[in-house]
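A.B. asks:
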Amino acid sequence: MTSRFHAIAWLIWALAAAITLQLAPSPLYVAVVIGIAALIVQLHGSGGPFARAFPVLLTLGVIFMGIRVALTAATTHTGIGTVLFTTPSITLPQLLGGFTVGGPVEAEVLFLAAAEGFVVVGVMAVFGAFNAVVSHYELVQSTPRAFYELGLVVTVALAFVPSTIHAIAAVREADRSRTGGRVVRRGRLVRQAIPVLESGMERAVSLAESMDARGFAYGGASPLDRVAGWAGFAALLALGGSFVALVGQRSLLALVLAAVGTGMLLVAVWAASAARHRSRYRPRHFTAPDAAMAGLSLLAPLGMAALSGWGDPTLIWAASPLHWPGFTVLPVVCLAALLAPLVRVPLPAPRVQSADERVET
Amino acid sequence: MNHHDGNALIYREVSFRYPDAPRSALHKVDLHVEAGEILLVTGGSGSGKSTLLRAANGIVPHSSGGRFGGDVVAFGRSTRANKPRDLADVVGFVHQDPEAQFVVDHVERDLAFVLENLGHTPQAMRRRVEEVLDALGIAHLRERAPSSLSGGERQRCAIAGALAAAPAALVLDEPTSQLDPQGADDVLAAIGRLNADLGTTVLLAEHRLERAAPLADRAVIFEVGSIVDGPGSPSAVLAGYAGAPPVTHLARLLGWEPLPLTVREARRLASAAGPLSVPSAPNSFDVTVGTAADTPGELLLDARGVRVDLGGRSVLAGVSMSARRGEVIALLGRNGAGKTTLLRVLGRLLSARSGTVGGSGSVAYVPQDPNALLFSPSVRAELNQTLHLLGRSDQGEVDHWLDALDLSDLADRHPRSLAGGERQRVAVAAVAVGGADVLLLDEPTRGMDAPSRAGLERALHAHAAAGGAAVLATHDVELAARSASRAIVLGDGDVVASGPARDVLAGSLFAPQVLRVLPPFLTVAEVAASRTARITP
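Residue numbers (the working numbering), protein chains in the order written: chain V, 1 to 361; chain P, 1001 to 1537.
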């Protein structure tokens, strides 16, 4: 699916949102960012295999938050907080750290852990939204040509995740169908893992054959590829040497070697890019709307940084003593900048449903 | 023999053996695919068709490994010296699974993939992509993700992806075996148009010949790695072949000449032959299938008012059906009509929102994709595994089903090393061996060759005759005509027709071929039976 904005613009939006979350980790502001991310997915989400990235990653974030809250509540006891209830406790032997698991659960500890976990949920939401709206192939196309093969392989591999989830569901059902719907738990993991892995392997092999038949890596290695190889090797040596020099406190030598290494790295990327004689079909240009969206998004972290420097007390919320998170207008205005992708809302085009569209029934 | 070797796809004495395989997949195959023709390759599962096709652009042996002898020259370029990627501008390859060939999740950009790899200029790419979009009639799909398309649409996009580099030849490995009839029609029509308009040479492997055979200029039949018949005109080559279209078998039975490949040709012959040679309609059919419905047995499965919603959409809107001992029921309907959902409800894999599923019989469901089921190191172990899960062990039962589905020779093979149709039979056997009264089969003949289909039909009849029942969800009206005693047509979650197979199929726009030529006969076997009855009264 073609995305409304250039992949780089989306990348900048995601980074801006993530930095904003770090600058204003108060739960209220995090909630606003998650809401914005959900809205963006709603309006700009693509129909590709990554369409479900947002709910999946959001769920993952919530699970992580739950684990974090449970662990913190069980192991952190300040002794001065409001005790909600007390669980049975054991003190681990000295060998395992000697701390106490269980005991009084304090409200402040619980809320603080939840607030910290919520920031992770926010970051996951932003990352999920980015994956749901961006065209991954376009992202690969935007990298230097030297990274094209690698990027493509990673993209194709990522696209296997949804199809594997689908395969797992099918295999579980097939397993039950053998016994007329009865579940046999013994040996189930092996019975279900093997078909999923083997089907995945078969698909991977036929995809590789298909890519080969369609000229992927056509032309083979050229002299420039060798140049790229040697330049890369030299860059590695120089950068390693620079690190050693830094440890040995020879700053000047370290600086020179670092400069040489970086230069060689650039040569390697250039040579590898020039060696690829593949061309690009309808490359997407970074247009004025893309720049406007990216620029507008960046206002959010910049504004937050200014407010943070100003000393806005509501940006960071401390649970102790217990109180509601504060809320002022200026940070919300900053957050509104993350709505920048709405400057170009897709037309309400009805999704064309072909008559014979496959429906999984 | 083509005197101009640079202008054909030539196999010279090609032999090939996969690594660790007990026997050769191809044995000294000589074949000239002339420029501009459609050559149809058919033959049983595992006969070497796929290997032949994969050798056209060097996937065999470059990707597969194994021992390769002889030479394949694709329009002047030998696959010995060229890898598949180097032949991308000469041979376009399309796989049978439409899902496993997309690199980019965007139809238009996926088409351009091969052009980018070959380093075409931006202007040339733009023009070529637009042309290919039109050639396959998929311009309206250009912005879509392949995963959101129907099977037929997806396969047409895959063909476009192979065609983008303007290859001289297009190689298609069972491109319609995973598709419903509508999707298969669309794909084959597109192939015919490409050949007629652009002169693209087509090498096509197919099992289901009703649609593919009329399209071909020449045909060959493969068996155990060698050409056993052809190349020659399709009607001559397929005359004696078990997998030929039903009208061809009918014409051979009645001695019509020349052998027809389509219903249209057969009708013309039928009217030319006059009423004399046409057998009269019998008053009652004494074919075993016909009698089952007349003497209803015990009720094994009884579903009443089944409603199912999936993903907020009503899939089944109050479906009622039953299965009695001795019945084989065909469940017909287009993709998305709710066939699979109904089978899953009957198989106790999915619970209905309302309605009841009762009956005295045990049920077992065979999923559409055999790969979801198979995990054992051998076919026999796969069957034993089911009994093991049920806490039983009965070698007699295992042998019975291996025999019933013609799997005895394959009993020690690894299920994953088998061809598609063979795997499908293993899946049926692995579920059926559990001893369920009612077998629920979801598209069991997908990718199956004629002998496999016949074997499956025999096994199902035997199962029904022994007091069981079977429900088949299928697109294949010929299968329904040959094997079902009752047919149920689903449309948009409702039962739109139900009754004896003869009545339901006769009133259908998609009637089986024999019925369209010689009503009221459904199958060639019925015509044959009535003739013997007439000759020896």
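The beta-carbon is built from N, C-alpha and C at its ideal position, and this holds for glycine as well. Note that the coordinates shown come from a computational prediction; the quantities given were computed from them, not determined experimentally.
Counting only C-beta atoms, is V1345 of chain P closer than 7 Å to chain V at any point?
C.D. replies: It does not: the Cβ of V1345 of chain P has no partner Cβ on chain V nearer than 7 Å.
A.B. asks: Nearest-angstrom Cα distance between S1376 of chain P and I194 of chain V?
C.D. replies: Looking at the two C-alpha atoms, the distance is approximately 9 Å.
A.B. asks: Identify, in the order they occur along the chain, each residue of the same chain with its Cβ nearer than 6 Å to the Cβ of E1108 of chain P, setting aside the five sequence neighbours on each side.
C.D. replies: If we look at E1108 of chain P and ignore the five residues flanking it on each side, its Cβ neighbours are R1142.
A.B. asks: Using 10 angstroms around the beta-carbon of F99 of chain V, count the other beta-carbons present and answer buried if the total reaches 16, otherwise exposed.
C.D. replies: F99 of chain V comes out exposed.
A.B. asks: Are the CB atoms of F111 of chain V and A274 of chain V within a distance shorter than 7 Å?
C.D. replies: Not in contact: A274 of chain V and F111 of chain V (Cβ atoms no closer than 7 Å).
A.B. asks: Tell me M124 of chain V's beta-bridge partners as DSSP assigns them.
C.D. replies: According to DSSP, M124 of chain V bridges with nothing at all.
A.B. asks: Which chain V residues sit within Cβ distance under 7 Å of A1436 of chain P?
C.D. replies: In chain order: G180.
A.B. asks: Which residue marks the beginning of the beta strand (DSSP E) containing P1500 of chain P, and which one marks its end?
C.D. replies: Segment D1494 to P1500, the beta strand (DSSP E) holding P1500 of chain P.
A.B. asks: Taking contact to mean at least 3 C-beta pairs separated by less than 8 Å, is the stretch 168 to 177 of chain V in contact with the stretch 138 to 157 of chain V?
C.D. replies: Flag = no, the stretch 168 to 177 of chain V and the stretch 138 to 157 of chain V do not touch.
A.B. asks: Using a beta-carbon distance cut-off of less than 9 Å, what residues from the stretch 206 to 218 of chain V approach chain P?
C.D. replies: Listed in sequence order: S206, L207, A208, E209, S210, M211, D212, A213, R214, G215, F216, A217 and Y218.
A.B. asks: Strictly below 7 Å CB to CB, what residues from chain V border L1374 of chain P?
C.D. replies: Residues of chain V passing the Cβ test: P195.
A.B. asks: Taking Cβ to Cβ, would you say A235 of chain V is nearer than 7 Å to M264 of chain V?
C.D. replies: Yes, these two residues count as a Cβ contact at 7 Å.
A.B. asks: When you compare the CB of Y281 of chain V with every CB in chain P, is at least one pair closer than 7 Å?
C.D. replies: Cβ-Cβ to chain P under 7 Å: yes for Y281 of chain V.
A.B. asks: In or out: F127 of chain V buried (at least 16 other Cβ within 10 Å) or exposed?
C.D. replies: Buried.
A.B. asks: Of the residues V:L28, V:P27, V:L21 and V:L43, which one's Cα is nearest the Cα of R344 of chain V?
C.D. replies: If we check each option's Cα against that of R344 of chain V, V:L43 comes out closest.
A.B. asks: What does the Cβ neighbour count give for A1462 of chain P, buried or exposed, with the cut at 16 atoms within 10 Å?
C.D. replies: By the neighbour-count rule (16 or more Cβ atoms within 10 Å), A1462 of chain P is not buried but exposed.
A.B. asks: Which runs of the beta strand (DSSP E), 3 residues or longer, sit entirely within the stretch 1345 to 1409 of chain P?
C.D. replies: Entirely contained in the stretch 1345 to 1409 of chain P, the beta strand (DSSP E) runs reaching 3 residues are, in chain order, 1354 to 1358 and 1363 to 1366.
A.B. asks: Is the beta carbon of L1040 of chain P less than 7 Å from the beta carbon of A1164 of chain P?
C.D. replies: Not closer than 7 Å, so no.
A.B. asks: On the CB-based measure, 16 or more other CB atoms within 10 Å of its CB, does D1294 of chain P come out buried or exposed?
C.D. replies: Caution is warranted here: a pLDDT of 49 is assigned to D1294 of chain P, below 50, making its placement in the model unreliable, and no coordinate value can be reported.
A.B. asks: State the beta-bridge partners of R1486 of chain P as determined by DSSP.
C.D. replies: Answer is P:I1329 and P:P1500.
A.B. asks: Whose C-alpha, out of P:R1304, P:A1470 and P:V1033, is nearest the C-alpha of A1484 of chain P?
C.D. replies: With distances taken between Cα atoms, A1484 of chain P lies closest to P:A1470.
A.B. asks: Would E106 of chain V pass as an interface residue toward chain P - the criterion being a Cβ-Cβ separation below 7 Å?
C.D. replies: It does not: the Cβ of E106 of chain V has no partner Cβ on chain P nearer than 7 Å.
A.B. asks: Does Q1368 of chain P pass the burial test, meaning 16 or more other C-beta atoms within 10 Å, or should it be called exposed?
C.D. replies: Buried: at least 16 other Cβ atoms inside 10 Å.
A.B. asks: I want to verify the contact list: residues of chain P whose CB lies under 8 Å from the CB of Y137 of chain V, in sequence order.
C.D. replies: Correct list: V1104, D1105, H1106 and R1109.
A.B. asks: So with Cβ pairs under 7 Å, would you call V171 of chain V a contact of chain P?
C.D. replies: Judged by the 7 Å Cβ criterion, V171 of chain V is in contact with chain P.
A.B. asks: Buried or exposed: where does W1401 of chain P fall if 16 or more other Cβ atoms within 10 Å of its Cβ makes it buried?
C.D. replies: By the neighbour-count rule (16 or more Cβ atoms within 10 Å), W1401 of chain P is buried.
A.B. asks: Rounded to the nearest angstrom, how far is the Cβ of T1027 of chain P from that of S1015 of chain P, given a contact under 8 Å?
C.D. replies: It is worth fixing the name first, because residue 1027 of chain P is His in this sequence and not Thr. With a Cβ gap of about 6 Å, H1027 of chain P and S1015 of chain P count as contacting.
A.B. asks: Could you tell me whether the Cβ of A291 of chain V comes closer than 7 Å to any Cβ of chain P?
C.D. replies: No, its Cβ sits nowhere closer than 7 Å to a Cβ of chain P.
A.B. asks: Can you find the residues in the same chain that come closer than 8 Å, C-beta to C-beta, to A291 of chain V, ignoring five residues on each side of it along the sequence?
C.D. replies: Same-chain partners within the cutoff: A9.
A.B. asks: Taking just the CA atoms, how far does I34 of chain V sit from I80 of chain V?
C.D. replies: Cα to Cα, the separation comes out at about 33 Å.
A.B. asks: What span of residues does the alpha helix (DSSP H) with R1218 of chain P cover, start to end?
C.D. replies: Premise fails: R1218 of chain P lies in the beta strand (DSSP E), R1218 to E1223, not in any alpha helix (DSSP H).
A.B. asks: Just how far apart, CA to CA, sit L257 of chain V and S251 of chain V?
C.D. replies: Their Cα atoms are separated by approximately 10 Å.
A.B. asks: Can a CB atom of chain P be found closer than 7 Å to the CB of A258 of chain V?
C.D. replies: With 7 Å as the cut-off, A258 of chain V does not count as an interface residue toward chain P.
A.B. asks: Compare the beta carbon distance of A1162 of chain P and G1092 of chain P with 7 Å and say whether it is the shorter of the two.
C.D. replies: Against a cut-off of 7 Å, the Cβ pair of G1092 of chain P and A1162 of chain P comes out as a contact.
A.B. asks: With 7 Å set as the bound, which would you pick, yes or no: does the beta-carbon of I1059 of chain P sit closer than that to a beta-carbon of chain B?
C.D. replies: No chain B is present in this structure, whose protein chains are V and P.
A.B. asks: What residue range does the alpha helix (DSSP H) around I165 of chain V cover?
C.D. replies: Y148 to R178 is the span of the alpha helix (DSSP H), which, as asked, contains I165 of chain V.
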